[in-house]
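One structure below.
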Amino acid sequence: MSTGQIRHVKVSYPVFIGSALGIGAIALWAIIAPVQAGSVLGTAVAWICRWFGSFYVCLASAIIVFVLYLGFSRYGRVRLGPPSSRPEFSLFSWAAMLFAAGIGTDIMFFSVAGPINHYMNPPSGKGQSLQAAAEAPVWTIFHYGITGWGMYALMGIALGYFAYRRKMPLSVRSSLFPVLGKRIDGPLGHLVDSAAILGTIFGVATTLGIGVVQLNVGLDILFGTGRGLPVQIILVVLAVIMATASATTGVNKGIRILSQLNVFLAVFLIGWVLFTGRTSFLLNAMASNIGDFVQTFPSRSMQTFPYEDKGLWMGAWTLFFWAWWVAWASFIGMFLARISRGRSLREFVIGTMLIPFSYVVLWISVFGNAAIDLVRSGNLDFARNTIAVPESGFYALLQTYPAPFFTIGLATFVGLLFYVTSADSGALVMANLCSNLPTARSDAKASLRIFWAVLVGVLTVAMLVVGGIHALQNATIIMGLPFAFVMILVMIGLAKALREERSKVVMLEHSARNVVAGSGTDGASWHDRLARTFDQVSPAQASKYITRVAQPALETIARELQRQGISSEVVRADTDSVEEVEDRRIYDRLKLTAFTGPDQFIYRILAVDTPAAVYAGVPLSSARSTRLEVHLPNGDGDYNVMGYSKSALIHDVLDHFDRYQEYWRMQERSNTPVVPFR
Numbered sequence: 290m291s292t293g294q295i296r297h298v299k300v301s302y303p304v305f306i307g308s309a310l311g312i313g314a315i316a317l318w319a320i321i322a323p324v325q326a327g328s329v330l331g332t333a334v335a336w337i338c339r340w341f342g343s344f345y346v347c348l349a350s351a352i353i354v355f356v357l358y359l360g361f362s363r364y365g366r367v368r369l370g371p372p373s374s375r376p377e378f379s380l381f382s383w384a385a386m387l388f389a390a391g392i393g394t395d396i397m398f399f400s401v402a403g404p405i406n407h408y409m410n411p412p413s414g415k416g417q418s419l420q421a422a423a424e425a426p427v428w429t430i431f432h433y434g435i436t437g438w439g440m441y442a443l444m445g446i447a448l449g450y451f452a453y454r455r456k457m458p459l460s461v462r463s464s465l466f467p468v469l470g471k472r473i474d475g476p477l478g479h480l481v482d483s484a485a486i487l488g489t490i491f492g493v494a495t496t497l498g499i500g501v502v503q504l505n506v507g508l509d510i511l512f513g514t515g516r517g518l519p520v521q522i523i524l525v526v527l528a529v530i531m532a533t534a535s536a537t538t539g540v541n542k543g544i545r546i547l548s549q550l551n552v553f554l555a556v557f558l559i560g561w562v563l564f565t566g567r568t569s570f571l572l573n574a575m576a577s578n579i580g581d582f583v584q585t586f587p588s589r590s591m592q593t594f595p596y597e598d599k600g601l602w603m604g605a606w607t608l609f610f611w612a613w614w615v616a617w618a619s620f621i622g623m624f625l626a627r628i629s630r631g632r633s634l635r636e637f638v639i640g641t642m643l644i645p646f647s648y649v650v651l652w653i654s655v656f657g658n659a660a661i662d663l664v665r666s667g668n669l670d671f672a673r674n675t676i677a678v679p680e681s682g683f684y685a686l687l688q689t690y691p692a693p694f695f696t697i698g699l700a701t702f703v704g705l706l707f708y709v710t711s712a713d714s715g716a717l718v719m720a721n722l723c724s725n726l727p728t729a730r731s732d733a734k735a736s737l738r739i740f741w742a743v744l745v746g747v748l749t750v751a752m753l754v755v756g757g758i759h760a761l762q763n764a765t766i767i768m769g770l771p772f773a774f775v776m777i778l779v780m781i782g783l784a785k786a787l788r789e790e791r792s793k794v795v796m797l798e799h800s801a802r803n804v805v806a807g808s809g810t811d812g813a814s815w816h817d818r819l820a821r822t823f824d825q826v827s828p829a830q831a832s833k834y835i836t837r838v839a840q841p842a843l844e845t846i847a848r849e850l851q852r853q854g855i856s857s858e859v860v861r862a863d864t865d866s867v868e869e870v871e872d873r874r875i876y877d878r879l880k881l882t883a884f885t886g887p888d889q890f891i892y893r894i895l896a897v898d899t900p901a902a903v904y905a906g907v908p909l910s911s912a913r914s915t916r917l918e919v920h921l922p923n924g925d926g927d928y929n930v931m932g933y934s935k936s937a938l939i940h941d942v943l944d945h946f947d948r949y950q951e952y953w954r955m956q957e958r959s960n961t962p963v964v965p966f967r
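Just so we're aligned: the sequence shown equals residues 290 to 967 in our numbering.
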C-alpha cells in the first residue's frame, strides 16, 4: 500500500466537513446532556427494533446468499484486479490480517459474557439447563461468525472490484455507479461516503469503548489502577496516541506486524486455557458447537421469535450484532480490498468466510465452554458477576487457571494490540473515505488520519459518559441503519457490473480476431519463431524496436484516426501508473490514446524486465530479458509483441479497437449506465 503519493491526495471537503460536523455535534451533545442523549438513544433503538428488526435479519441472510453465489458461481473466477494480477501477501500474512483487523478486544469481552448470558437467560427454554449450556456458545458463535464476515466480504468485493478491475476510486460511492451513474460524483455520492464514515466511526467507537472498559479491568487487576471513567479516558488518550503513530507507518508496516504478532499471542492464550484446563471436555464441546452451528444456521439466521416476547433479547444481541457488522462493513471492506488485490472472488469469499470464522470458533468454544463449565461446577457467583459487570468475566475466568498474573498480563497486552489494530486501521479508512485518492493504493494525509483518530477517541469518551457500553450499543444500532440501505444498492450495483463484464467477455469471445502472432514474423519459419522464444532481449534492443517499428505503427494509426475525425495521440515514456507490472522494472513505454465514445481507447506497450525463458525445464535465475507487453485498461493483453512487423502490430491494435467500438455500440443499444474500464 504505497504512501508515496500522499502529497498528491486532496481532501473531499463536502464529505469531510459534513461527517466531521455531524459526528462532532453528536459527541458534544452527549457530553453536555448525557441524560437526554441516553434517553433519545434508547427510544430510537426501541423504535428501530420494532420496525426494522426483521429488515436487519432478512438483509443479513440476503447478503450471505449473494456473497456465496458470487464465490461459487461463474463469477468466482473474476479477480480483484486485472486477470494477470496475483496476490500481494502470502496466505498466512493475509489470514493474520483478516483475523486481527476484523476482531478486536470485544471478542475477549463477548467470548465469556455472551455464553454466560445465554446460559443463564436463554432466548428460549429454561436457563441453566443442559439445552441452554449446549446452545449458549453456539449463539455467540452465530453472532460473531459467518453472517458478519459475509457483510465484510460484500464490501471488500465491491470496493476491490471497482478499484482494481474498473480503475475507479477506492470508495463506497464507486460501487454504486451502475445504479446511480455519474450522480455518484455529486451530492448523492457525498451522502453515501458520509453514511459510510458515520457508520464506521460509531462501529469503531463501540469496539474501542468495549476495549477500554476491558483493558481497565485487566490493568486494575495487575497494577491496582482503579476502575472508572477517569482511567478509561486516560486509556483512550494513550490508545489514540499509539494508534496515530501506527497509522502513519502505513498498512504494510503497522497492521501487518501487529496482526501477525497478535495471532501468535492469541493462539498461545487459547492453548493455555485448553491444555491447562479440561482439555477433553473442551475439545468435545467444540466439536458439538460446530455441529450444532452447521445444523441450525439457516433457522437461526431467520429467527425473530415472533411468538415470544423476545424484543429486548433481539435488540441486545442479534440486532445489535447485525447493526455492528453493518457499521464496520465499509471499514473492514476497504481494508480487505487493500490487502486482497489479485485474489479471485472464490478465493476471497472462502478466505474471508472461513479463516476468521475458524478463529472465532476456536476462541469462543474454548473460553465460552470453560466459563459455562465453571458455572455448572457450582460457581454461580462467577455467572452473576459476569452478567452484572461483563468486562470482568474474561479475567475472572483466567484467575481460575494456573499462573493467573501471567495470563491476565498477556491477555491485557493482546487486548491492547487488538485495540491499536482497530484504531489505526479505522483512522486510515475514515481518512481515505473523505479523500480523493489518485490511485487505489494511495493513502490519505497523515494529518487527516490523526484528526480521525482523535475524533474517534472523543466520540468513545462521549458515549462512555452517556451510558457506557449500553449507550455504544444503542448508537451502533441507530447509525448502522442508513448504511444498511446503501449495502442493498451495493449488491445491485455489483451484480449489474459483473453481468455487464460477463456480457463483454461473451461478446469478445464471439468477435472474430485476426491471429497476428504468426504474421508478425514476416514469413519467417516456425523454427525461427520458436528460437526467438528463448532469446534474451536487452532493454536497448526493446527500445530500438519501439523506435523503429512500434512507434511508427501507432503513429500511422493515429494519423488515420485523425483523418477520420477521431482525436488521438501517441505518447512515448508516459508516467501513468500501471499496477499490473508495479513489481517489475519498466524500461520504456509507448501509448496510443483515441478519444472516442464515452471512454478512451488505450493501447499501451511496456518494455518490462522479466526472467528469461527456461532451458530444458531449468530456469536460469541470473538470466533476464525484456518483454514488450501489451497492456489494456480492462486487463486484457499481457502478451509479448517483440518481433511483430509494423503491419502485424497495426492489425493487432485495430483488432482491439474494433472490439472496443463494438462493445460501446452494444452498450448504447442496451441504454444502461456502464462502468468504464480506465
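The C-beta atom is built at its ideal place from N, Cα and C for all residues, glycine as well.
Extent of the continuous alpha helix (DSSP H) run through residue i
i     : result
A831  : P828 to Y834
G403  : T394 to M409
P587  : T568 to S590
F610  : T607 to I628
V334  : P323 to F361
P1000 : Here the chain comprises residues numbered 290 to 967, so residue 1000 is not present and cannot be evaluated.
Q503  : P476 to F512
L469  : F466 to L469
Identified DSSP bridge partners for residue i
i    : result
P900 : R913
E918 : L895 and N929
E858 : T882
N725 : K299
R791 : The partner list for R791 (beta bridge, DSSP) is empty, contrary to what the question assumes.
Helix, strand or coil at residue i [DSSP, three-state]
i    : result
M290 : Here M290 scores only 40 on pLDDT, less than 50, and its place in the model is too uncertain to base an answer on.
Y876 : strand
N674 : helix
P303 : helix
Q889 : strand
R848 : helix
R454 : helix
R837 : helix
R368 : strand
A784 : helix
E951 : helix
G757 : helix
T765 : helix
T810 : At T810, the pLDDT of 48 sits below 50, so the modelled position is not reliable; the number obtained from the coordinates is stated separately. Here T810 sits in helix by DSSP.
K734 : coil
R375 : coil
P771 : helix
R982 : Within the shown structure, residues of the chain are numbered from 290 to 967, placing residue 982 beyond reach of any answer.
Member of the options whose CA lies at the smallest distance from the CA of residue i
i    : options                   : result
A839 : Q889, L359, L787 and A896 : A896
L448 : F512, L459, L330 and N505 : L459
V529 : D927, L726, L497 and V775 : L497
G698 : D944, G307, A555 and L527 : A555
W438 : I661, N763 and V615       : V615
A326 : A760, W606 and Q889       : A760
Q889 : S463, K456 and S328       : K456
N551 : T710, T915 and K880       : T710
P426 : Q688, A659 and T915       : A659
L563 : S362, G657, R665 and V300 : G657
M440 : I510, W617, Q521 and G932 : W617
G580 : G667, R861, A423 and R632 : A423
S328 : N763, R848, F946 and Y949 : N763
I855 : L717, Q950 and V526       : Q950
F702 : F557, H920, G488 and V346 : F557
A605 : A842, I835, I766 and S792 : I766
Next on the checklist: Quick check for students: name the residue ranges of the alpha helix (DSSP H) that lie wholly in the segment 630–698, counting only runs of 4 or more.
Outcome noted: 634–665, 669–677 and 682–687
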